[in-house]
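For the sequence shown, full-length UniProt numbering begins at 1 and goes up steadily by one. For reference, the structure is listed below as structure tokens.
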Amino acid sequence: MFLRNINFSETKKEKWIYIILWILFSFLLLTVILLLTLYKKTDISPIDQENFTIYNFLLEEKALKIAKDFYQEVKDSIMLKESIDAANALRANIIASFSFIFVLVFFAAIVSTVVVNKWFLNNSKLSTNKRGVK
1 MFLRNINFSE TKKEKWIYII LWILFSFLLL TVILLLTLYK KTDISPIDQE
51 NFTIYNFLLE EKALKIAKDF YQEVKDSIML KESIDAANAL RANIIASFSF
101 IFVLVFFAAI VSTVVVNKWF LNNSKLSTNK RGVK
């Protein structure tokens, strides 16, 4: 395995920073993947009035009123449940989106840190070579 060949005691402090940054990035990426896959969207389909047909000619006026009130209560409770499910799905999507954006920004920060560090190393080597120091 490749870890046997690595001597961690000789690793410089700057490289430990990169190792920690990449471990954090991996953890954040795993968190985003879990957030995106664990929360599912729910389809919202309101009840049609045609699905709950009441035969007016068979019911008395009072029974018709009770049936209509019951239908309205059922419809309201289903709509409430669907709106709560939709709010939970929206909340989960917002959390996942923000964490995904955070991971992208964190990844860009790691890459820019590596690029800037490489640029500083090249400039310091060029300045020492111009002075004649090797």
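Backbone N, C-alpha and C define an ideal beta-carbon position, used for all residues, glycine too.
Do you know how far the Cα of residue j is from the Cα of residue i?
i      : j      : result
Ile110 : Ile101 : 14 angstroms
Ser26  : Phe106 : 11 angstroms
Lys15  : Trp22  : 11 angstroms
Lys118 : Ala86  : 48 angstroms
Ile17  : Thr37  : 30 angstroms
Ser99  : Leu28  : 8 angstroms
Thr128 : Val115 : 20 angstroms
Leu126 : Ala89  : 55 angstroms
Leu34  : Lys130 : 52 angstroms
Glu73  : Ile94  : 31 angstroms
Met79  : Ile19  : 50 angstroms
Ala92  : Leu24  : 22 angstroms
With a 10 Å radius around its C-beta and 16 neighbouring C-beta atoms as the bar for buried, classify residue i as buried or exposed.
i      : result
Val32  : buried
Ala108 : exposed
Val103 : buried
Gln49  : Low local confidence applies: a pLDDT of 45 at Gln49 is under 50, so the model's placement there is unreliable, with the coordinate-based value given in what follows. By the 10 Å Cβ count, Gln49 comes out exposed.
Pick helix, strand or coil for residue i, following the three-state DSSP scheme.
i      : result
Asn51  : Confidence in Asn51 is poor, its pLDDT being 45 and thus under 50, which makes the residue's placement unreliable; the coordinate value appears in the next sentence. Three-state result, Asn51: helix.
Gln118 : Looking at the sequence shown, residue 118 is not Gln but Lys. The answer is helix: DSSP assigns Lys118 an H, G or I state.
Thr128 : helix
Lys12  : coil
Given 8 angstroms as the limit, tell me if residue i has its C-beta closer than that to any heavy atom belonging to the ligand FAD.
i     : result
Tyr71 : Here there are no bound small molecules, and the ligand FAD is not part of this structure.
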